[in-house]
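In terms of UniProt numbering, the sequence shown is residues 1 to 239. Cβ atoms here follow ideal geometry from the backbone N, Cα and C, with glycine treated the same way. Being a predicted model, the structure only gives us computed values, none of them experimental.
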Amino acid sequence: VMAHLITPVDIPGIVKDFQKIVVDLKESDKINRSLSYAHRVADVIQRRCGDAAVRHIPGQDIEEHKKNRNRQLRDLDNENRQLRQLYEDSQWTLHLVMEAHRRLMEATFGKDNDLASTRKQNEEEEENTKQEFYVNAARMTKAVHDIFEHEKEMSDKIQKRVEELRVENDILRCILDSESGADIQSIYDRLENKTPKHSPRSSQDDFGRYAHGDGASRDRDEEATPRKKASVILNPSMN
1 VMAHLITPVD
11 IPGIVKDFQK
21 IVVDLKESDK
31 INRSLSYAHR
41 VADVIQRRCG
51 DAAVRHIPGQ
61 DIEEHKKNRN
71 RQLRDLDNEN
81 RQLRQLYEDS
91 QWTLHLVMEA
101 HRRLMEATFG
111 KDNDLASTRK
121 QNEEEEENTK
131 QEFYVNAARM
141 TKAVHDIFEH
151 EKEMSDKIQK
161 RVEELRVEND
171 ILRCILDSES
181 GADIQSIYDR
191 LENKTPKHSP
201 RSSQDDFGRY
211 AHGDGASRDR
221 DEEATPRKKA
231 SVILNPSMN
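Below is the structure:
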């Protein structure tokens with residue numbers, strides 16, 4: 001009789017899928033560690049070349065640059081907290097889904113003696129519970145997908161920003177190490193000799209934007225460290 005009342009459900013398969021989702025959610029900790037690493041990198045770069053600037057490229061505001069750096073760190077912290085909240089919400093949703101599934105199994109198989117007398121009531125409760133189960137599972141799946149997409153986007157942005165900061169730091173070092181009155185081409189050649197792993201076109205574009213204050217470099221208002229502290233920048237161990 002019970003075989004005609006319910007639709008066969010692959011219980012082990014469902015439980016296995018949910019266990020896999022829990023394992024995948026725990027991978028979010030790797031993203032959090034990546035965010036922490038990016039924070040440390042940005043903090044090191046800020047300490048090396050952003051604490052005390054006397055000479056700077058015309059058009060660049062030192063205090064505004066510091067504010068931008070601090071704002072970027074705060075934004076990363078906010079993103080990290082949001083990811084953690086999404087992760088905890090997903091875990092709670094999974095708990096609710098599994099609890100609903102447990103109640104469904106108990107209602108279906110735990111009261112065989114009373115099933116005949118309360119068949120209609122049980123069928124309605126089973127249908128409602130299954131519908132709730134499907135809705136919660138769909139919501140949880142969407143939430144997990146959104147988390148993965150957001151984390152991938154954040155990881156790409158962080159990697160791109162770290163690379164930009166590294167290139168900008170190399171440019172600052174070349175500028176500080178150049179003689180007074182040196183032209184842009186000589187500074188660019190010095191940069192190419194120190195960073196052969198960059199493609200000439202990419203390095204020249206980055207240096208051109210930095211030197212002329214155009215595009216993203218002007219928006220970030222990058223600052224130059226005074227020449228008297230060039231030894232500190234070129235020797236990080238002194239920090």
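Report task. Determine the burial state of leucine 76: buried for a count of at least 16 other Cβ atoms within 10 Å of its Cβ, exposed for fewer. Result -> So leucine 76 ends up on the buried side.
Query - Residues of its chain near residue 263, where Cβ-Cβ distance is below 7 Å and the 5 sequence neighbours each way are ignored - result: Nothing about residue 263 can be read from this structure; the chain reaches only from 1 to 239.
Query raised in the report: Do you know how far the Cα of glutamate 192 is from the Cα of arginine 201?
Result: Bear in mind that a pLDDT of 48 at arginine 201, under 50, signals an unreliable position, so the number given afterwards is only what the model happens to contain. Their backbone Cα atoms lie some 10 Å apart in a straight line.
Query raised in the report: Would isoleucine 100 pass as a contact of glutamate 124 if the rule is Cβ separation under 7 Å?
Result: Here residue 100 turns out to be alanine, not isoleucine, going by the sequence shown. Result no, Cβ atoms of alanine 100 and glutamate 124 do not sit closer than 7 Å.
Report task. Run the CB neighbour count on histidine 95, radius 10 Å, all protein chains shown included, and call it buried at 16 or more, exposed below. Result -> The residue in question, histidine 95, is exposed, as its Cβ has fewer than 16 Cβ neighbours within 10 Å.
Query raised in the report: First and last residue of the alpha helix (DSSP H) that includes glutamate 192?
Result: Note, glutamate 192: alpha helix (DSSP H), 184-194.
Query raised in the report: In this structure, does DSSP put aspartate 177 in helix, strand or coil?
Result: Note: aspartate 177 maps to helix in three-state DSSP.
Requested in this report: Take the Cβ of glutamate 106 as the centre, count every other Cβ of all protein chains shown within 10 Å, and call the residue buried at 16 or more, exposed below.
Outcome: It counts as exposed.
Query - Residue interval of the alpha helix (DSSP H) (run including aspartate 61) - result: Per DSSP, aspartate 61 is not a residue of any alpha helix (DSSP H), being assigned neither H nor E.
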